[in-house]
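Residue numbers for the sequence shown follow the numbering used here, beginning at 22 and rising by one. Some notes on the structure that comes next.
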Amino acid sequence: MSQQACHSQLLPIKLETDELISANNESAEYLFEPNAREILEELLPYYIENAIFQAFLEAKASEHSARMVAMKNASENAKELVSELQLIYNKSRQESITNELLEITTATLSLQG
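This is the structure we're talking about:
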């Protein structure tokens, strides 16, 4: 997963190029009830609120994603560390057992000789 910073312009609202082309090709005139200004005054706050809310949701999802990746990496590193420490422990244990056997064998040989 990766994060990329981005910015988007809320106001003034820009239409996509396809929408502009199709709007220019049509000769029909639209009639707004109530007038366009009243509609814009009603819808614009909702548009801005939803755009900002979406940005917050995306930021929160990004944060959760980053935390999940960090926890996964930490878990993998801990498993590797446990494996390495287990190997070191087993080698030192084997070395101490070998030394004890050597001491017992040496003591037995010295008593027999």
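We put the beta carbon where it would ideally sit given N, CA and C, even for glycine. Quantities reported herein were computed from a predicted structural model and do not represent experimental measurements.
Separation of residue j from residue i, as counted between CA atoms
{"i": "Y68", "j": "S96", "result": "42 Å"}
{"i": "Q25", "j": "K35", "result": "22 Å"}
{"i": "L108", "j": "A91", "result": "26 Å"}
{"i": "S83", "j": "F53", "result": "40 Å"}
{"i": "V103", "j": "T119", "result": "24 Å"}
{"i": "E105", "j": "T129", "result": "36 Å"}
{"i": "K112", "j": "S131", "result": "28 Å"}
Beta-carbon separation (whole angstroms), residue i vs residue j, contact threshold 8 Å
{"i": "A72", "j": "L31", "result": "5 Å"}
Simplified DSSP assignment, three categories, for residue i
{"i": "Y110", "result": "helix"}
{"i": "L31", "result": "coil"}
{"i": "L67", "result": "Note on residue identity: the sequence assigns Tyr, not Leu, to residue 67. Three-state result, Y67: helix."}
{"i": "A95", "result": "helix"}
{"i": "A26", "result": "coil"}
{"i": "N56", "result": "coil"}
{"i": "I118", "result": "helix"}
Given residue i as reference, the closest of the options once Cα atoms are compared
{"i": "C27", "options": "A76, N56, L65", "result": "A76"}
{"i": "L65", "options": "A99, Q133, P33", "result": "P33"}
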